[in-house]
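Working notes, beginning with the structure itself.
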Amino acid sequence: MIKSRFFRILSATLVVGVLILLSYNEQNVKILPSYRTSSMKDLHLTHKEGSKVKWELSADKAILPIGNKEVFLESLSLKINRTPVIFLTSGSGIYEIDNGDITLNKNVELNIKETTFTTDTMKYNSKDEIITTDDDIKFNGNNFLIEGTGLIAKTKQQNMRIIKNVKAIFYR
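First residue of the sequence shown? That's 1063 in my numbering, and the numbers climb one at a time after it.
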């Protein structure tokens, strides 16, 4: 009696299982992501106009939130291919996907030839090719030190301007 009852229950369970499998429809299945972000290590992004590389962005780590149009970067470097070549490095930053702008945070350093600019934050407008900051800035060269607040650098025109509170020291 127990054996026949067991086989009836087992048979009923198998029939229900087969019916469920036969009625499976992929359109009704919803997969919910368990995480709201993705990340990647050693990101390298190249931006071209035509066949010419305009700039290159590298980061040790990139965090890509789902549905967001920004990529959060850690330990990044930006190489702007102009004459002379401009190198920007930073501890962190944000790449805005839609307009190509890059915001650099945490100890930003801008290097051109043998000179170095240092500041806390900086923004690169990819479309207009303008580098800006409103923070205090130091500009070091082999025989000078210039300090001030704010910077506007137009890379196309090779023009840089410290906006206010400019102090300069020249060495012999």
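Glycine is no exception: its CB is placed at the ideal position from the N, C-alpha and C atoms.
Near residue i, what residues of its chain come up, given a Cβ to Cβ distance below 6 Å and the 5 sequence neighbours on each side ignored?
i: P1127; result: T1099
i: M1102; result: A1124
i: D1182; result: D1197
i: H1106; result: S1120
i: V1078; result: none
i: I1071; result: none
i: A1215; result: I1193 and M1222
Take residue i as the anchor and find which of the options has the nearest alpha-carbon.
i: F1179; options: D1163, K1189, I1156 and F1149; result: F1149
i: S1188; options: L1140, K1200, I1064 and G1153; result: L1140
i: L1213; options: F1232, Q1219, G1203 and I1193; result: I1193
i: S1113; options: K1229, L1135, D1197 and N1143; result: N1143
i: K1229; options: L1081, I1164, I1208 and R1067; result: I1208
i: T1023; options: K1168, I1082, E1136 and M1222; result: The question about residue 1023 has no answer, for the chain in this structure spans 1063 to 1234.
i: K1168; options: S1137, E1191 and E1111; result: S1137
i: D1104; options: F1134, V1078 and I1082; result: F1134
Rounded to whole angstroms, what is the Cα-Cα separation between residue i and residue j?
i: N1173; j: G1129; result: 34 Å
i: F1069; j: L1076; result: 10 Å
i: Y1186; j: L1166; result: 8 Å
i: S1096; j: K1065; result: Residue confidence is low: S1096 scores 47 on pLDDT, short of 50, so the model does not pin down where it sits. Its coordinate-derived value is still stated next. Those two C-alpha atoms are separated by around 44 Å.
i: F1201; j: Q1219; result: 19 Å
i: F1206; j: K1175; result: 14 Å
i: N1204; j: V1147; result: 18 Å
i: G1153; j: V1170; result: 7 Å
i: M1184; j: I1082; result: 58 Å
i: I1231; j: I1164; result: 31 Å
i: E1111; j: V1080; result: 57 Å
i: R1073; j: R1067; result: It should be pointed out that residue 1073 corresponds to Ser in this sequence rather than to Arg. Taking the straight line from one Cα to the other gives about 10 Å.
Leaving out five residues on either side along the sequence, give the residues of the same chain with a beta carbon under 8 Å from the beta carbon of residue i.
i: H1109; result: V1115, K1116, W1117, E1118, L1119, G1162 and S1188
i: E1132; result: I1156, Y1157, E1158 and I1159
i: T1211; result: D1196, D1197, D1198, I1199, I1224, I1225, K1226 and N1227
i: R1234; result: N1205
i: T1217; result: I1142, R1144, I1148, E1191, I1192 and I1193
Flag residue i as yes when its Cβ comes closer than 7 Å to any non-hydrogen atom of the ligand FMN, and as no otherwise.
i: G1129; result: The ligand FMN is not part of the structure shown, which contains no ligands of any sort.
In its own chain, which residues sit with a C-beta less than 7 Å from the C-beta of residue i, not counting the 5 before and 5 after it?
i: D1122; result: K1103, D1104, E1136 and S1137
Would residue i pass as an interface residue toward chain C - the criterion being a Cβ-Cβ separation below 8 Å?
i: F1068; result: Here chain C cannot be found, since the structure has a single protein chain.
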